[in-house]
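Residue numbers for the sequence shown, in my numbering: 7 to 291. The structure under discussion appears below in the form of structure tokens.
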Amino acid sequence: MKKSMLPKPVKNLFRYHYSPNAVKAYKEKIESELNYSMEYWASVYDGTEPFNVFYATEKDMEWLISAWKTYNLDEYGYTAREYKGRLEREGNQLNAGSVPSQSGPSHLSFFRSSTRPIQDDSMIPHENVHIVQQQLTKNRTDQMPCWLREGSANLFANFLMTEKYGLRIYDDAKRSDMNAYQSGSVEIRKFNDSEWFTHLKSLEGNFSGGCDYKYRFAYGTGLLLSEVLMADGGFGKMMDFWRAFSLDVDWRKSFKNIYGVEIDIWYKTKGIPYLMQEYARVKRY
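Shown next as structure tokens:
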């Protein structure tokens, strides 16, 4: 991965929109981390239009909705409803960020409590990966299985954090991602082979069933599956797989064409053994 993602200078890739109460320090963090992250994607990202980035505080929900409308974004109000729900649940801990998985042009938005401390984390690099996914799939990330969409975003975000802060960061971030499922009620560490297979099939939808935000199953499981894909085929094949979602071809067929094996067989022979190995090795909080 390191040899394939050599950083190169980038400029003018984003169009920034900030709400009236936006915190100056967080605005600076967004711009700095997005530019840093995108430098590592310079070899594959070839978007020609600036990508819209919005940042609003909890005081500026209506501003954010209005700003989206200027660009015909969030036409059906899905993201607005999600953010309003997050605000109700999280209060002064609000820290929402997303590149909505949808057909057609997307956007990166942050909706964050103005009183929440600013910390170093992988959130912005993670969301930046979704921008790259949108571009390579030609705005068809809604076709990606959520284990791939979220897991590979975690993989590359953790890599970038490691590049910035040192090797120990990756193991810490991996442990955190793997344990994200604990907010739900399913104890995946107790799964046998058959239960893991059923679980993986449920993660093939795009944020449906157990794949949604509340349970976060896709984030840790997807990270581990993405590690296996990188070990099997490297960076180039991963990018080919992302690009294949731009085609009118079932992604399972694309997987076989690129990796030379049926997805279900890969789950059973590569994915599940690695999942069980890593969840046995990396302890719970």
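Just so it is clear, CB atoms sit at the ideal spot from N, CA and C, and this is done for glycine as well.
Return yes when the Cβ of residue j is within less than 7 Å of the Cβ of residue i, no when it is not.
| i | j | result |
| --- | --- | --- |
| alanine 159 | valine 135 | yes |
| leucine 209 | tryptophan 153 | yes |
| alanine 73 | histidine 113 | no |
| valine 59 | phenylalanine 20 | yes |
| leucine 206 | tyrosine 273 | yes |
| serine 1 | leucine 166 | In the structure displayed, the chain extends from 7 to 291; residue 1 sits before or after that span and is not available. |
| phenylalanine 285 | arginine 222 | For the sequence presented, residue 285 should be read as tyrosine rather than phenylalanine. Contact: no. |
| methionine 244 | valine 50 | no |
| asparagine 251 | arginine 95 | Residue 251 is actually phenylalanine in this sequence, not asparagine. For phenylalanine 251 and arginine 95, no; Cβs fall outside 7 Å. |
| isoleucine 175 | tyrosine 32 | no |
| lysine 262 | glutamate 268 | yes |
Can you look up residue i in the DSSP assignment and give me helix, strand or coil?
| i | result |
| --- | --- |
| phenylalanine 20 | strand |
| alanine 224 | helix |
| leucine 114 | strand |
| asparagine 78 | coil |
| alanine 28 | coil |
| serine 72 | helix |
| serine 232 | helix |
| threonine 121 | coil |
| glycine 239 | helix |
Could you check where the beta strand (DSSP E) with residue i kicks off and where it finishes?
| i | result |
| --- | --- |
| glycine 277 | Glycine 277 -> no beta strand (DSSP E), and no H or E assigned at all. |
Could you give the residue range of the alpha helix (DSSP H) that holds residue i?
| i | result |
| --- | --- |
| serine 208 | 199-208 |
| leucine 161 | 152-171 |
| alanine 186 | From DSSP, alanine 186 is part of no alpha helix (DSSP H); its letter is neither H nor E. |
| serine 260 | 257-265 |
| leucine 97 | Per the sequence shown, residue 97 should be read as glycine rather than leucine. Premise fails: glycine 97 is in no alpha helix (DSSP H) and is neither H nor E. |
| proline 131 | 129-142 |
So is residue i buried or exposed if we call it buried at 16+ other beta carbons inside 10 Å?
| i | result |
| --- | --- |
| glutamine 108 | buried |
| proline 151 | buried |
| glutamate 55 | exposed |
| leucine 100 | buried |
| tyrosine 46 | buried |
| proline 131 | buried |
| leucine 142 | buried |
| asparagine 164 | buried |
| arginine 155 | buried |
| valine 138 | buried |
| valine 255 | exposed |
Runs of alpha helix (DSSP H) lying entirely within the stretch 34-61, each at least 4 residues, in chain order
Whole alpha helix (DSSP H) segments, 4+ residues: zero.
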